[in-house]
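Residue numbers (the working numbering), protein chains in the order written: chain A, 1 to 475; chain B, 1001 to 1159. What follows is a single structure, written as structure tokens, with notes after it.
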Amino acid sequence: MLNRLTSTSFIIFLLLYFLMVIGIGCFFTRANAEVLDIMADINRSGLQSAIERLLLNYDGRYFTNILHGLNPVAYGYLEYYQLMPILGILLFFGSIYFWISTFFVDVPVKQKLFLVSITVFFHFAFTPDITSELFNLIASYVYLYGICFWVIWTASAFRFYHAQKPAEKLLWFLFAAFGIIASTGTNEQLIVLNGITVLGLLFFNKSIARGHELIPFILIVVICSLFFVSCPGWRYRVLIEQHIHNQSAQGIFFNGFVSYFQNVWSFLFPLFILFPVSLLGSISINSSNKLFKWLTFKDVIILYVLIFLAGFVGAFIYLAGVQNNDSPPGRIYCVTFSLLQLSVLLLFPHIAHKLKVILAKRPLGLLLVLFLFVCGTNNFTLILKEYRSGYYDKFLSMYDSRMKSIQQAQNDDLKWKSACFENAELSLNMLYYPVEVKPNRGAANSNFEKYFGLDEVYFCDDTIRKFSLFLKGLE
Amino acid sequence: MKSIVWIQYGFVLVVGLAMAVESLRLNKKAFVNNEKVYYAILGENPELVRFSDKCVNLIEHQISDAIAAGANKQLTDSITKLVALPNKFLKRIQDITYLNNTLKDDMMIDDNEVRAVVFCGSRSYVKMEFSFIRKGDTLICQKVNGVRELLVDVSRAFP
């Protein structure tokens, strides 16, 4: 009785804490210049044209580019941008729920909800880059949505393989096919992950006679990957990145290894200690894992090797583009982090079954977890710290002041419509990825101009103005 | 069960064909554009200097093509034709205040009136400056050393 009360209180506390932090995040987050840039294209020339432009000039992330069409900013609703992180959380929640429902045997709905809630809470508390996963929508489609689609397709493929009725088989095939098409089109890392996943499917297939059922999945992965890499924009971008990041292969590998293992090391405590303790402490399930029942012990070991390999190779794609002196952005480890978290979750029924002794000491374990949540360093405590310091209020007043200047410029009856921004650039924080307007004009100035239909956006104390640049160019 | 297999492979075929066709279309477009890519160094700010018609905004592409012949008379005619395009296309043109029916009446074609260059491209590599163009602006195309430049008269901006 005491245990049930404790676990319920724990989950309610986590839920309230999560809602509070995400509430603060949604309230203060704002669209940066990169978001405005892409949204302006959709707004002006339509989604199809904007997708085409990106595929021709910038990347091969076809499904991310389609997802940009979901952004209300593209249709002039700038204020609804703040609600978009909730959509990402719901998608992540839904896909993990689907995944658990697929692989875990006989878990009641309430316990599944608890499991998913704790998984989602942990994910966003410790993900290496919550800004890119949630608050910078352009990156969210790449780093969060991609893994959600992968989760959906792997669970659907498993259901397809074990379904008996033709209608069921067809349904799960279509779900899996959608997941493959969507995930491959979000992120280069997902190409690697999907490639390794289909290799795993072939390897773990127990029946040679049924091997042909997997061929369509493999074909779809191959087709989507080929489409991705054949896009002119992707090739164009690789050429530019190569030019910018001119370093030796030896340097790339050395820096890549060091950076990768440093990051994975930092995941170990939250993912392999804190996360299982929270799960064990708050949920008592008597379940097993369908996947593990189906696989031998050797297969399970190989499965984990493949997961680590996918995380490593996926991260390495981006590490190659990081210069010697730069530390790689945390977002390149989001997929690795998600994979490791799912691998721990997959083990949970077995841990829960075998380590019942921990359940008896639940209150102590939960108190420890709570203490680490509230007092330790994680994304949520960092957001709360920035909030308490008054930084977000200052940020918001600066952003609002920009919007007022823009509105005023739009309403001015002048031939040359210009908005003057006061103060300096908006610097980095947990809720805003600073693709920013620069003093004396930078790349992002034109993003604001394009979205708001202005001739010029500048800082009030700029000494170089757009006019002078044009005139200089024409000399 | 056999029907499921048919559906599966049918689905794969449709996806494969659609992606192959789209990939060919994009690459063809990129190839055509690549032939025309050029860079004009127009200042010290690297974000403003790259100038390329690799940007494939439909409207600009159409205008560039229409203007390709270069002669002023032809330009006027081309733009008249452009404005007469179907509604869907016309709507896009109006959306970005790029051209509209009144523009052709005001159009003046004179290289002496060139004041500024329209930058185009995408995202952080090649910046767009479409916002620079307003309804009623004069658009000018000129060829310099075999390179086409789409220009806009911004004399309105000067006091």
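Here a beta-carbon is modelled for each residue, glycine too, at the ideal position from N, C-alpha and C.
Extent of the continuous alpha helix (DSSP H) run through Glu456 of chain A: Position 456 of the first sequence, counted from the start, is the residue given in the question as residue 456 of chain A. Not the alpha helix (DSSP H): Glu456 of chain A falls in the beta strand (DSSP E), residues 456-459.
Residue(s) in a DSSP beta bridge with Phe421 of chain A: Here residue 421 of chain A refers to the residue found at position 421 when the first sequence is read from its first residue. Answer by DSSP bridge pairing, in chain order: A:Phe459.
Pairwise C-alpha distance: Phe297 of chain A and Tyr387 of chain A: Sequence index remark: in the first sequence, residue 387 of chain A carries index 387 (1-based). Sequence index remark: in the first sequence, residue 297 of chain A carries index 297 (1-based). Each residue's alpha carbon lies about 48 angstroms from the other.
Identity of the residue in A:Leu309, A:Leu367, A:Cys375 nearest Cys343 of chain A by Cα: For the purposes of this step, residue 343 of chain A is taken as the residue at position 343 of the first sequence. The displayed chain sequence assigns Ser, not Cys, to residue 343 of chain A. Considering only alpha carbons, the answer is A:Leu309.
Helix, strand or coil at Asn378 of chain A according to DSSP, with G and I counted as helix: Residue numbering aside, residue 378 of chain A sits at position 378 when the first sequence is read from its first letter. Residue state, collapsed to three classes: coil.
Listed by chain order, chain B residues near Cys375 of chain A by CB distance under 9 angstroms: The residue you call residue 375 of chain A lines up with position 375 of the first sequence. Residues of chain B passing the Cβ test: none, with the nearest at roughly 39 angstroms.
Neighbour-count burial assignment, Val1126 of chain B, 16 or more Cβ in a 10 Å radius: Start at 1 with the first residue of the second sequence, and residue 1126 of chain B comes out as number 126. Reliability fails at Val1126 of chain B, whose pLDDT of 24 lies under 50, so the model's placement of it is uncertain and no value is given.
Cβ-based burial, His68 of chain A [other Cβ within 10 Å; buried from 16]: Within the first sequence, the letter at position 68 stands for residue 68 of chain A. Buried is the call here.
Min CB distance Gly1010 of chain B to chain A below 7 angstroms: As a first step, residue 1010 of chain B must be located in the second sequence, where it is residue number 10. Contact with chain A is absent for Gly1010 of chain B, since none of that chain's Cβ atoms lies less than 7 angstroms from the residue's Cβ.
Neighbourhood of Leu14 of chain A by C-beta, 6 angstroms cutoff - its chain only, sequence neighbours within 5 removed: By one-based count along the first sequence, residue 14 of chain A stands at place 14. Closer than 6 angstroms at Cβ, skipping near neighbours: Phe121.
Within chain B, partners of Leu170 of chain A - CB distance below 8 angstroms: Walking along the first sequence from the start, residue 170 of chain A turns up at place 170. The contacting residues are Ile1004, Ile1007.
DSSP state of Asn289 of chain A mapped onto helix, strand, coil: Position 289 of the first sequence, counted from the start, is the residue given in the question as residue 289 of chain A. Looking at Asn289 of chain A - three-state DSSP - the assignment turns out to be strand.
Distance, Ile196 of chain A Cα to Asp299 of chain A Cα: In the first sequence, the residue the question calls residue 299 of chain A occupies position 299. In the first sequence, the residue the question calls residue 196 of chain A occupies position 196. Taking the straight line from one Cα to the other gives about 14 angstroms.
Contacting residues, own chain, Cβ-Cβ under 7 angstroms from Gly185 of chain A (five flanking each side not counted): The residue given as residue 185 of chain A occupies position 185 in the first sequence. Only Arg61, Tyr62, Phe63, Thr64, Cys224, Phe228 meet the Cβ criterion.
7 angstroms Cβ cutoff, Val1014 of chain B in contact with chain A: What you label residue 1014 of chain B is simply residue 14 of the second sequence in a count that begins at 1. No, Val1014 of chain B lies away from the interface with chain A (no Cβ there is under 7 angstroms from its Cβ).
Residues near Phe149 of chain A in its chain [Cβ-Cβ closer than 7 angstroms; skip 5 each side]: Within the first sequence, residue 149 of chain A is the residue found at index 149, counting from 1. In its chain, beyond the 5 residues on either side, Gly179, Ala182, Ser183, Thr186 have a beta carbon closer than 7 angstroms to the beta carbon of Phe149 of chain A.
Nearest residue (CA-CA) to Met430 of chain A, options A:His123, A:Ile89, A:Ser132, A:Val192: As a first step, residue 430 of chain A is located in the first sequence; it is residue number 430 there, counting from the start. Answer by Cα proximity: A:Ser132.
For Asn440 of chain A, the three-state DSSP class (helix, strand or coil): As a first step, residue 440 of chain A is located in the first sequence; it is residue number 440 there, counting from the start. Residue state, collapsed to three classes: coil.
Neighbourhood of Phe316 of chain A by C-beta, 8 angstroms cutoff - its chain only, sequence neighbours within 5 removed: What you label residue 316 of chain A is simply residue 316 of the first sequence in a count that begins at 1. Result list for Phe316 of chain A: Gly256, Tyr260, in chain order.
7 angstroms Cβ cut-off: residues of chain B touching Tyr177 of chain A: For the purposes of this step, residue 177 of chain A is taken as the residue at position 177 of the first sequence. It should be noted that the sequence gives Ala, not Tyr, for residue 177 of chain A. Chain B residues near Ala177 of chain A: Phe1011.
8 angstroms contact criterion, which Asn378 of chain A and Phe93 of chain A should meet: CB distance rounded: Mapped onto the first sequence, residue 378 of chain A falls at position 378. Mapped onto the first sequence, residue 93 of chain A falls at position 93. Contact check for Asn378 of chain A and Phe93 of chain A: beta-carbon distance about 19 angstroms, past the 8 angstroms limit, so the pair fails to qualify.
Beta carbon proximity, Ile223 of chain A to chain B, threshold 7 angstroms: Residue 223 of chain A sits at position 223 when you count from the first residue of the first sequence. Interface with chain B (7 angstroms Cβ-Cβ cutoff): Ile223 of chain A is included.
CB contact check: Phe160 of chain A to chain B, cutoff 7 angstroms: Working through the first sequence from its first residue, we reach residue 160 of chain A at position 160. It does not; no Cβ of chain B falls within 7 angstroms.
Contacting residues, own chain, Cβ-Cβ under 7 angstroms from Phe337 of chain A (five flanking each side not counted): Taking the first residue of the first sequence as 1, we reach residue 337 of chain A at position 337. Around Phe337 of chain A: Thr127, Pro128, Phe267.
Sequence-distant residues of the same chain with beta carbon closer than 6 angstroms to Ile406 of chain A, five excluded per side: As a position in the first sequence, residue 406 of chain A is number 406, starting the count at 1. Residues Ala419, Phe452 of the same chain have their beta carbon placed closer than 6 angstroms to that of Ile406 of chain A, with the five preceding and five following residues left out of the count.
Cβ-based burial, Thr29 of chain A [other Cβ within 10 Å; buried from 16]: Against the first sequence, residue 29 of chain A aligns to sequence position 29. In this structure Thr29 of chain A is buried. Its beta-carbon is surrounded by 16 or more other beta-carbon atoms within 10 angstroms.
Under 7 angstroms between C-beta atoms of Lys290 of chain A and Val105 of chain A: Taking the first residue of the first sequence as position 1, residue 290 of chain A is located at position 290. Taking the first residue of the first sequence as position 1, residue 105 of chain A is located at position 105. Note that the C-beta distance between Lys290 of chain A and Val105 of chain A is below 7 angstroms.
Contact check, Leu279 of chain A vs Phe348 of chain A, beta carbons under 7 angstroms: Here residue 279 of chain A is taken as the residue at index 279 of the first sequence, counted from 1. Here residue 348 of chain A is taken as the residue at index 348 of the first sequence, counted from 1. Taking 7 angstroms as the cut-off, the Cβ atoms of Leu279 of chain A and Phe348 of chain A count as close.
Contact set for Ile50 of chain A: own chain, Cβ-Cβ below 6 angstroms, skip 5 residues either direction: Walking along the first sequence from the start, residue 50 of chain A turns up at place 50. Correcting the residue type first, residue 50 of chain A is Ala in the shown sequence and not Ile. Excluding sequence neighbours, Ala50 of chain A sits near Asp41, Ile42.
Check whether Val198 of chain A and Val221 of chain A have beta carbons under 7 angstroms apart: Within the first sequence, numbered from 1, the residue matching residue 198 of chain A stands at position 198. Within the first sequence, numbered from 1, the residue matching residue 221 of chain A stands at position 221. A Cβ-Cβ contact shorter than 7 angstroms links Val198 of chain A with Val221 of chain A.
Three-way DSSP call (helix, strand, coil) for Tyr433 of chain A in this model: Residue numbering aside, residue 433 of chain A sits at position 433 when the first sequence is read from its first letter. DSSP places Tyr433 of chain A in the coil class of the three-state scheme, outside both helix and strand.
Member of A:Arg402, A:Ala209, A:Thr119 whose CA lies at the smallest distance from the CA of Ile11 of chain A: Residue 11 of chain A sits at position 11 when you count from the first residue of the first sequence. Per the Cα distances, A:Thr119.
Alpha-carbon spacing of Phe158 of chain A relative to Pro439 of chain A, whole angstroms: For the purposes of this step, residue 158 of chain A is identified with residue 158 of the first sequence, where counting begins at 1. For the purposes of this step, residue 439 of chain A is identified with residue 439 of the first sequence, where counting begins at 1. Phe158 of chain A and Pro439 of chain A: Cα-Cα distance of roughly 54 angstroms.
Contacting residues, own chain, Cβ-Cβ under 6 angstroms from Trp234 of chain A (five flanking each side not counted): Looking up residue 234 of chain A in the first sequence gives position 234. Taking Trp234 of chain A as the centre and dropping the five residues before and after it, the same chain places the C-beta of Asp59, Gly60 closer than 6 angstroms to its C-beta, in chain order.
Runs of alpha helix (DSSP H) lying entirely within the stretch 116-203 of chain A, each at least 4 residues, in chain order: Within the stretch 116-203 of chain A, the alpha helix (DSSP H) runs of at least 4 residues that lie entirely inside it are, in chain order, 137-143, 145-162, 166-184.
When A:Asn32, A:Glu213, A:Asn423, A:Ile332 are compared against Lys1002 of chain B, the one with the closest alpha-carbon: Counting from 1 along the second sequence, the entry for residue 1002 of chain B is found at position 2. It is A:Glu213 whose Cα lies nearest to the Cα of Lys1002 of chain B.
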